[in-house]
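For reference, the structure is listed below as C-alpha cells.
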Amino acid sequence: MSLDPGASAKSKENDDEKLHSCQKASQRYSKMFIVGRELCFLLLIVFTTYASFNSNIGSAPAPAPFFPQGSLVADYFRGELEAALVRASEGDISFIMYYAPWDADSQAARRHFDTAATQHYQQVYFAGINCWQPKSDCRKTLDKIQQFPKLVAYITHETGVEYRGPRDHRYMSAFLEGIMRPLHRVHGQADLVNLRSAYNVVVVAYLNFQGMRGGTPYRAMYETALKFLERDVRQEIAFAVVTSFKTTVEMGVDRSPCIKLYLWNETLDYPGHFSADQLTDWVTSRLHQVSLWLSPPGVKSLTLAPYVTQGPALVMFTPLENFVMYDMLREVGLEYYNCNNSSEISQLAQNISNFVSERISRARRTSLSCQSRSLDYAPTVQVLNNVWIN
Numbered sequence: 001m002s003l004d005p006g007a008s009a010k011s012k013e014n015d016d017e018k019l020h021s022c023q024k025a026s027q028r029y030s031k032m033f034i035v036g037r038e039l040c041f042l043l044l045i046v047f048t049t050y051a052s053f054n055s056n057i058g059s060a061p062a063p064a065p066f067f068p069q070g071s072l073v074a075d076y077f078r079g080e081l082e083a084a085l086v087r088a089s090e091g092d093i094s095f096i097m098y099y100a101p102w103d104a105d106s107q108a109a110r111r112h113f114d115t116a117a118t119q120h121y122q123q124v125y126f127a128g129i130n131c132w133q134p135k136s137d138c139r140k141t142l143d144k145i146q147q148f149p150k151l152v153a154y155i156t157h158e159t160g161v162e163y164r165g166p167r168d169h170r171y172m173s174a175f176l177e178g179i180m181r182p183l184h185r186v187h188g189q190a191d192l193v194n195l196r197s198a199y200n201v202v203v204v205a206y207l208n209f210q211g212m213r214g215g216t217p218y219r220a221m222y223e224t225a226l227k228f229l230e231r232d233v234r235q236e237i238a239f240a241v242v243t244s245f246k247t248t249v250e251m252g253v254d255r256s257p258c259i260k261l262y263l264w265n266e267t268l269d270y271p272g273h274f275s276a277d278q279l280t281d282w283v284t285s286r287l288h289q290v291s292l293w294l295s296p297p298g299v300k301s302l303t304l305a306p307y308v309t310q311g312p313a314l315v316m317f318t319p320l321e322n323f324v325m326y327d328m329l330r331e332v333g334l335e336y337y338n339c340n341n342s343s344e345i346s347q348l349a350q351n352i353s354n355f356v357s358e359r360i361s362r363a364r365r366t367s368l369s370c371q372s373r374s375l376d377y378a379p380t381v382q383v384l385n386n387v388w389i390n
C-alpha cells in the first residue's frame, strides 16, 4: 500500500469519475428503455387501429333453405320475421321454430318438426325462421334467444305459448292438441272419473253458459290452461269445464260459477278472483301427487337429488312414450299412500288399473290390425325363367 497522500487523492478522484460514468450510463440506458417502451406502445396502437379498419374476417355465408324441398314447413331461411308473423296471423294457430342452421339441436329437431307438420298442417300453420342470420329481421328483433331451437305456438289474439318439451314429434303433436283444445268438456260424473284416471290432477270450472259466452271465469280457465302447457310438459294436469247448471247440480255442486281442484286425496275449492294469474299461482301452490315425471337434462345435474335424499324413493327409468308403465306406477303409489283405506282412493286406483288394461288391449288390437293389413296387401311375386335378354 502506498503511503503517498497525493497518490491516494488521485486514486479516489479516479474512483469518483468511474462511479459518475456508470451512473450516467445507467441513466442513459433507463431513458432508452422508457423511450423504447413508449415506441412499442405507440406501434401497437397503430397496428391495432389498422387491423380494425382492415379486418380480414370473411362475411357470413349466404343463407340456404333449412327444411327439405317439398316440406310443409314454410322456411324463412333469410330471417324474414315480419313476413312470417304476418302470414301466421292469417290463420287461427301457428307453430314457429326459430332455428340456427349450424346448431346441432336445431338440426335434430328439424325432422320431428317436419313430421308434426305432416300431421297437423290442416289446422296449424308451420314455419321455420333462421334467427341466426346476421343483419336479418329476426336477428335484430329477437337478439336475446339464448338457446336454439325455440318453438312457439301462436293463437290469434293471444300471447305466444312456448313449447319446452322433448324434441320429438309425438310430444309436439300432443302439445298442439292441447293448444287446439286446452279445455275438456265434462258432461257428467263419468267424464270426471275418466279424467281423474288419465291425469294426476284435474281442475274443473262449473259454469252456467249464457249462449256462447262463458264470461270471466271461462276466460280465466282458458288462459290458465294455456299457461300450464308451458309448465306442464308431460300434461299431467287437465283443465275442464261444465257448461250446464243442471249438470253441475247432478254432479253434487250447488253453486255456479266455481272452480274445484281434484287431487288424489282431496278436493279443494278455489277461493280467489277469476284471474288467470291468481288461478295459476293457486293451482301451483296446492299441487301434490304420488308420482311425477322427471326429465334429467342429459348432463350432470341435481334433478334427482330432492327426491332421493329425503328417504326411500321408487324410481322407474322408462322411455318417454311409455305412459302405460307410468300409469301403473301411479296405481302403485295410490295404493301405497292409502293408509286409511279410503274407498275413494281405492276406487281411483281401480279406475287407473282399468284404464291401463284398456290401453293395453287397444294397443294389441291396433298391432294385430296392422299385421293383418300387411298380410292382405303383400305383393304377389312371380318368378320368370330366362329373364336375361342380351
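Each residue of the sequence shown is one higher than the one before, counting from 1 in UniProt numbering.
Where is the CB? At the ideal position from N, CA and C, for every residue including glycine.
Just so it is clear, the structure is predicted and the values come from calculations on it, not from any experiment.
task: Starting from GLU82, trace the alpha helix (DSSP H) both ways and give me its first and last residue.
output: Looking up residue 82 in the sequence shown gives position 82. Its alpha helix (DSSP H) spans residues 81–88.
task: Specify, as a first and last residue, the run of the alpha helix (DSSP H) that CYS138 falls within.
output: Your numbering for residue 138 matches position 138 in the sequence shown. 137–141 is the span of the alpha helix (DSSP H), which, as asked, contains CYS138.
- prompt: According to the neighbour-count rule (16 or more other Cβ atoms, all chains shown, within 10 Å of its Cβ), is THR224 buried or exposed?
  reply: One-based indexing of the sequence shown puts residue 224 at position 224. Under this definition THR224 is a buried residue.
task: State the start and end residues of the unbroken beta strand (DSSP E) segment that holds GLY128.
output: Start at 1 with the first residue of the sequence shown, and residue 128 comes out as number 128. Segment 125–130, the beta strand (DSSP E) holding GLY128.
task: Specify the secondary structure class of ALA153 as computed by DSSP and reduced to three states.
output: Here the question's residue 153 lines up with position 153 in the sequence shown. Strand.
message: Tell me the DSSP secondary structure of ALA205 in three-state form.
response: The count along the sequence shown starts at 1 and reaches residue 205 at position 205. In the structure shown, ALA205 sits in a strand (DSSP, three-state: E or B).
message: Can you tell me where the beta strand (DSSP E) holding ALA240 begins and where it ends?
response: Here residue 240 refers to the residue found at position 240 when the sequence shown is read from its first residue. Run containing ALA240: 237–242, per the beta strand (DSSP E) assignment.
THR248, buried or exposed, once every other Cβ within 10 Å from all chains shown has been counted against 16: One-based indexing of the sequence shown puts residue 248 at position 248. By the C-beta density criterion, THR248 is buried, having at least 16 other C-beta atoms within 10 angstroms.
- prompt: According to the neighbour-count rule (16 or more other Cβ atoms, all chains shown, within 10 Å of its Cβ), is MET316 buried or exposed?
  reply: Here residue 316 is taken as the residue at index 316 of the sequence shown, counted from 1. MET316 counts as exposed, since fewer than 16 other beta carbons sit within 10 angstroms of its beta carbon.
- prompt: LEU195 and ALA127: beta carbons closer than 8 Å?
  reply: Counted from its first residue, the sequence shown places residue 195 at position 195. Counted from its first residue, the sequence shown places residue 127 at position 127. No.
query: Roughly how many angstroms separate the alpha carbons of ASP143 and ALA116, rounded to a whole number?
result: For the purposes of this step, residue 143 is taken as residue 143 along the sequence shown, with counting starting at 1. For the purposes of this step, residue 116 is taken as residue 116 along the sequence shown, with counting starting at 1. Cα-Cα distance, rounded: 27 Å.
ILE259, enclosing beta strand (DSSP E) - first and last residue: Numbered from 1 along the sequence shown, position 259 holds the residue referred to as residue 259. From DSSP, the beta strand (DSSP E) with ILE259 extends over 258–262.
query: Grouping DSSP H, G and I as helix and E and B as strand, with all else coil, what is ARG181?
result: Here residue 181 is taken as the residue at index 181 of the sequence shown, counted from 1. In this structure, ARG181 counts as coil in the three-state DSSP scheme.
Residues of its chain near GLU162, where Cβ-Cβ distance is below 6 Å and the 5 sequence neighbours each way are ignored: In the sequence shown, the residue the question calls residue 162 occupies position 162. Closer than 6 Å at the Cβ level, and outside the excluded window around GLU162, lie VAL152 and GLU230.
- request: Write down every uninterrupted run of the beta strand (DSSP E) in the region 308–388 whose length is 3 residues or greater and which is fully enclosed by it, in chain order.
  value: none
task: Report yes if the CB atom of GLU321 is closer than 8 Å to the CB atom of ILE352, and no otherwise.
output: Counted from its first residue, the sequence shown places residue 321 at position 321. Counted from its first residue, the sequence shown places residue 352 at position 352. With respect to the 8 Å criterion, GLU321 and ILE352 are not classified as neighbours on the basis of their beta carbons.
message: I believe ARG139 touches GLY79 by the beta-carbon criterion, under 8 Å. Please report the beta-carbon distance rounded to the nearest angstrom.
response: In the sequence shown, counting from the first residue as 1, residue 139 sits at position 139. In the sequence shown, counting from the first residue as 1, residue 79 sits at position 79. With a Cβ gap of about 6 Å, ARG139 and GLY79 count as contacting.
- prompt: From the DSSP output, which residues share a beta bridge with PHE95?
  reply: Mapped onto the sequence shown, residue 95 falls at position 95. Answer by DSSP bridge pairing, in chain order: PHE126 and ALA153.
field: Beta-carbon spacing of LEU183, VAL241 below 8 Å
entry: Within the sequence shown, residue 183 is the residue found at index 183, counting from 1. Within the sequence shown, residue 241 is the residue found at index 241, counting from 1. Yes, the Cβ-Cβ distance between LEU183 and VAL241 is below 8 Å.
message: Are the CB atoms of VAL290 and LEU261 within a distance shorter than 8 Å?
response: Mapped onto the sequence shown, residue 261 falls at position 261. Mapped onto the sequence shown, residue 290 falls at position 290. No.
message: From the DSSP secondary-structure annotation, give me the bridge partner or partners of GLU223.
response: One-based indexing of the sequence shown puts residue 223 at position 223. In the DSSP output, where bridge partners are listed per residue, GLU223 has none listed.
task: Sort GLY160, ASP281 and THR318 by Cα distance to SER295 and report the nearest one.
output: The residue labelled residue 295 in the question sits at position 295 within the sequence shown. Minimum Cα distance to SER295 is reached at THR318.
- prompt: Would DSSP call GLU162 helix, strand or coil?
  reply: The count along the sequence shown starts at 1 and reaches residue 162 at position 162. The answer is strand: DSSP assigns GLU162 an E or B state.
task: Go to ASP75, then tell me how far its beta strand (DSSP E) extends in each direction, as first and last residue.
output: For the purposes of this step, residue 75 is identified with residue 75 of the sequence shown, where counting begins at 1. Its beta strand (DSSP E) spans residues 74–76.
task: Grab me the residues of ARG37's own chain with a C-beta within less than 7 Å of its C-beta, minus the 5 sequence neighbours each way, in chain order.
output: Counting from 1 along the sequence shown, the entry for residue 37 is found at position 37. The answer is none, since no qualifying residue turns up.
- prompt: Along the chain, where does the beta strand (DSSP E) that runs through LEU268 open and close?
  reply: One-based indexing of the sequence shown puts residue 268 at position 268. In the DSSP assignment, LEU268 falls within the unbroken beta strand (DSSP E) covering 267–269.
query: By Cβ distance below 6 Å, which residues in the same chain neighbour LYS227 in space, the five residues on each side in sequence not counted?
result: What you label residue 227 is simply residue 227 of the sequence shown in a count that begins at 1. Around LYS227: THR280.
- prompt: What number of angstroms, rounded off, separates the C-alpha of ILE179 from the C-alpha of ILE129?
  reply: As a first step, residue 179 must be located in the sequence shown, where it is residue number 179. As a first step, residue 129 must be located in the sequence shown, where it is residue number 129. When rounded, the distance between both Cα atoms is 21 Å.
message: Taking 8 Å as the threshold (C-beta atoms), are VAL203 and LEU192 in contact?
response: Here the question's residue 192 lines up with position 192 in the sequence shown. Here the question's residue 203 lines up with position 203 in the sequence shown. Cβ atoms of LEU192 and VAL203: not closer than 8 Å.
query: Count the other CB atoms within 10 Å of the CB of CYS40; is the residue buried (16 or more) or exposed (fewer)?
result: Taking the sequence shown and counting its residues from 1, one reaches residue 40 at position 40. So CYS40 counts as exposed.
query: CA-CA distance, ASP232 and PHE355?
result: Numbered from 1 along the sequence shown, position 232 holds the residue referred to as residue 232. Numbered from 1 along the sequence shown, position 355 holds the residue referred to as residue 355. About 22 Å.
message: In this structure, how does DSSP classify GLN133 when only helix, strand and coil are distinguished?
response: Numbered from 1 along the sequence shown, position 133 holds the residue referred to as residue 133. Looking at GLN133 - three-state DSSP - the assignment turns out to be coil, as it is neither helix nor strand.
- prompt: Do you know how far the Cα of ILE360 is from the Cα of CYS370?
  reply: Looking up residue 370 in the sequence shown gives position 370. Looking up residue 360 in the sequence shown gives position 360. Cα-Cα distance, rounded: 15 Å.
message: Using the three-state DSSP reduction, which class does GLN210 fall into: helix, strand or coil?
response: Indexing the sequence shown from 1 puts residue 210 at position 210. Of the three classes helix, strand and coil, the one that applies to GLN210 here is strand, per DSSP.
field: As assigned by DSSP and simplified to three states, the class of TYR121
entry: Here residue 121 refers to the residue found at position 121 when the sequence shown is read from its first residue. Correct three-state label for TYR121: coil.
message: Can you find the residues in the same chain that come closer than 8 Å, C-beta to C-beta, to LEU72, ignoring five residues on each side of it along the sequence?
response: Here the question's residue 72 lines up with position 72 in the sequence shown. Taken in chain order, the residues that qualify are ASP114, ALA117, THR118, TYR121 and PHE126.
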